[in-house]
Amino acid sequence: MKRAAVLGYPIHHSLSPKLHGYWLSKNSIKGSYEAIETKPENLINILTKLADEKYSGVNLTVPLKEQIIPHLDEISNSAKMIGAVNLVLFKQGKLIGENSDAYGFMQNLRVGAGELLPYLNHAVILGAGGAARAVIAGLLEAGIKKITLTNRTQSRAKELAKMHESIHVVDWNQRNEVLTDATLLVNTTSLGMKNQPSLEVSLTHLPSSALVTDIVYNPLETDLLKQARIRGNKTVDGLGMLIHQAVPAFDAFFGVEPLVDDAVREQLL
Ligand code: ATR
Numbered sequence: 000m001k002r003a004a005v006l007g008y009p010i011h012h013s014l015s016p017k018l019h020g021y022w023l024s025k026n027s028i029k030g031s032y033e034a035i036e037t038k039p040e041n042l043i044n045i046l047t048k049l050a051d052e053k054y055s056g057v058n059l060t061v062p063l064k065e066q067i068i069p070h071l072d073e074i075s076n077s078a079k080m081i082g083a084v085n086l087v088l089f090k091q092g093k094l095i096g097e098n099s100d101a102y103g104f105m106q107n108l109r110v111g112a113g114e115l116l117p118y119l120n121h122a123v124i125l126g127a128g129g130a131a132r133a134v135i136a137g138l139l140e141a142g143i144k145k146i147t148l149t150n151r152t153q154s155r156a157k158e159l160a161k162m163h164e165s166i167h168v169v170d171w172n173q174r175n176e177v178l179t180d181a182t183l184l185v186n187t188t189s190l191g192m193k194n195q196p197s198l199e200v201s202l203t204h205l206p207s208s209a210l211v212t213d214i215v216y217n218p219l220e221t222d223l224l225k226q227a228r229i230r231g232n233k234t235v236d237g238l239g240m241l242i243h244q245a246v247p248a249f250d251a252f253f254g255v256e257p258l259v260d261d262a263v264r265e266q267l268l
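In terms of numbering that gives the first Met the number 0, the sequence shown has 197 at position 198, counting the first letter as 1, and numbering is strictly consecutive.
Rendered as structure tokens:
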């Protein structure tokens, strides 16, 4: 029986066991995927134990995604670029670190919006946390021409902008004006999430041809996406990013590429 798990602290909120559990039963695979609460100081012990028990690997979530890096034997380019690991595979006694968040973000956009080329001229990114790093890595790999980055704490945006010369930082107060020639708008902040403050942004200057996406998926249609939809912009919600980032992990753990369809989405709502 193939086994995998998600490690984090806290971990009770993770949707990954539900997602992988659904795919296991849908594909009639005798396997298991559990959530293991893991404090940072216990990470290496728990990983060693799981590798000894012949687990295929694990997903990592907050606060373990960066901490693991010095302990890896190999790291994928995407994980290196993002500076975080969300997937560790145990292969021949080695720890292999990968990151599927950039893939998940881009795949969600491709499935939700179709041909992406028209949207890859000028992306405006709200927020400069870990999620923004993955979003930017995905967009850079896809060939985005220009990125405008804005964050409440500007120093974080400036640090992130070191990733590539096409990233320009503007003050958080400028977030409405910079939308004038945007082809893509992405919210990577936690604003607009259930029980979080709302995201105050005006889309008045945004061209109606621009694509708008939010990594927040609770609620599924955030105020940002609603505002965009009502004025005629194409929108893609954030739930698909979570689902698509899990596809390479499931494939690596259990040897089957799982299907992303409406039935999976409904499992998670
Ligand atoms: P993640 O790794 O999921 O991106 P994070 O690193 O905590 O999480 O980043 C959260 C993002 O939401 C940051 O861009 C944060 O802005 P700061 O860097 O200034 O903290 C943004 N954010 C959270 N609360 C905010 C608020 N009230 N106003 C503006 N931005 C906020």
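Where is the CB? At the ideal position from N, CA and C, for every residue including glycine.
- Query: Three or more C-beta pairs closer than 8 Å, one from the segment 53-71 and one from the segment 82-91: is that the case here?
  - Reply: yes
- Message: Any heavy atom of the ligand ATR closer than 7 Å to the beta-carbon of residue 189?
- Response: Taking the sequence shown and counting its residues from 1, the one referred to as residue 189 is at position 190. Checking every heavy atom of the ligand ATR against the Cβ of residue 189, one is found closer than 7 Å.
- Query: Cβ-heavy atom distance between residue 58 and the ligand ATR below 7 Å?
  - Reply: Sequence index remark: in the sequence shown, residue 58 carries index 59 (1-based). For the ligand ATR, not one heavy atom lies less than 7 Å from the Cβ of residue 58.
- Give a yes or no on contact between the segment 18-26 and the segment 67-78, applying the rule of three or more CB pairs nearer than 8 Å. no
- Query: Beta carbon of residue 104, beta carbon of residue 133: below 8 Å?
  - Reply: The residue you call residue 104 lines up with position 105 of the sequence shown. The residue you call residue 133 lines up with position 134 of the sequence shown. Yes.
- If you compare alpha carbons, which of 183, 42, 46, 228 is closest to residue 125? Position 126 of the sequence shown, counted from the start, is the residue given in the question as residue 125. Out of 183, 42, 46, 228, 183 has the C-alpha closest to the C-alpha of residue 125.
- Per DSSP, cross-strand counterpart(s) of residue 147: Residue numbering aside, residue 147 sits at position 148 when the sequence shown is read from its first letter. The partner list for residue 147 (beta bridge, DSSP) reads 123, 167.
- Task: Measure the alpha-carbon distance for residue 170 versus residue 153 and round it to whole angstroms.
- Result: Walking along the sequence shown from the start, residue 170 turns up at place 171. Walking along the sequence shown from the start, residue 153 turns up at place 154. One C-alpha to the other measures close to 7 Å.
- Query: According to DSSP, is residue 32 helix, strand or coil?
  - Reply: Residue numbering aside, residue 32 sits at position 33 when the sequence shown is read from its first letter. Residue 32: strand per DSSP, three-state reduction.
- Message: Applying the 10 Å Cβ sphere with the 16-neighbour rule, what's the burial state of residue 352?
- Response: This structure leaves residue 352 out entirely; the chain is present only between 0 and 268.
- Task: Please confirm whether any heavy atom of the ligand ATR lies closer than 7 Å to the CB of residue 26.
- Result: Residue numbering aside, residue 26 sits at position 27 when the sequence shown is read from its first letter. Residue 26: no, Cβ never under 7 Å from the ligand ATR.
- Taking residue 253 and residue 35 to be in contact with their CB atoms under 8 Å, please state how far apart those CB atoms are, rounded to whole angstroms. Residue mapping note: residue 253 aligns to position 254 of the sequence shown, counting from 1. Residue mapping note: residue 35 aligns to position 36 of the sequence shown, counting from 1. That belief does not hold up - the Cβ atoms of residue 253 and residue 35 are roughly 18 Å apart, past 8 Å.
- Hey, would you say the C-beta of residue 172 is under 7 Å away from at least one heavy atom of the ligand ATR? Residue numbering aside, residue 172 sits at position 173 when the sequence shown is read from its first letter. No.
- Message: With H, G and I counted as helix, E and B as strand and the rest as coil, what does DSSP make of residue 73?
- Response: Locating residue 73 in the sequence shown gives position 74, where the first residue counts as 1. Three-state result, residue 73: strand.
- Where in the segment 210-256 do unbroken runs of the beta strand (DSSP E), each at least 3 residues long, occur, reported from the N-terminal end onward? 210-213, 233-235
- Message: Quick check: what's the CA-CA separation for residue 139 versus residue 172?
- Response: Here residue 139 is taken as the residue at index 140 of the sequence shown, counted from 1. Here residue 172 is taken as the residue at index 173 of the sequence shown, counted from 1. One C-alpha to the other measures close to 25 Å.
- Message: For residue 148, count the other beta carbons within 10 Å of its own beta carbon; 16 or more makes it buried, fewer makes it exposed. Which is it?
- Response: As a position in the sequence shown, residue 148 is number 149, starting the count at 1. It counts as buried.
- Task: Flag residue 127 as yes when its Cβ comes closer than 7 Å to any non-hydrogen atom of the ligand ATR, and as no otherwise.
- Result: Residue numbering aside, residue 127 sits at position 128 when the sequence shown is read from its first letter. Yes, since a heavy atom of the ligand ATR falls inside the 7 Å radius drawn around the Cβ of residue 127.
- Can residue 131 be considered in contact with the ligand ATR, in the sense that its beta carbon sits closer than 7 Å to one or more heavy atoms? By 1-based counting over the sequence shown, the position of residue 131 is 132. Under cutoff, so the answer is yes.
- Which one of 224, 98, 15, 236 has the shortest CA to CA distance from residue 136? Along the sequence shown, read from residue 1 onward, the residue named residue 136 stands at position 137. Per the Cα distances, 98.
- Query: Between which two residues does the alpha helix (DSSP H) containing residue 129 stretch?
  - Reply: Residue 129 sits at position 130 when you count from the first residue of the sequence shown. Start and end: 129-141.
- Boundaries of the alpha helix (DSSP H) in which residue 44 is found, first to last residue: The residue labelled residue 44 in the question sits at position 45 within the sequence shown. 42-51 is the span of the alpha helix (DSSP H), which, as asked, contains residue 44.
- Could you work out which residue in 193, 224, 112, 250 is closest to residue 202 when comparing CA atoms only? As a position in the sequence shown, residue 202 is number 203, starting the count at 1. Comparing Cα-Cα distances from residue 202 to each of 193, 224, 112, 250, the minimum goes to 224.
- Task: Give the straight-line distance between the Cα atoms of residue 77 and residue 204, rounded to the nearest whole angstrom.
- Result: Position 78 of the sequence shown, counted from the first residue, corresponds to residue 77. Position 205 of the sequence shown, counted from the first residue, corresponds to residue 204. Looking at the two C-alpha atoms, the distance is approximately 33 Å.
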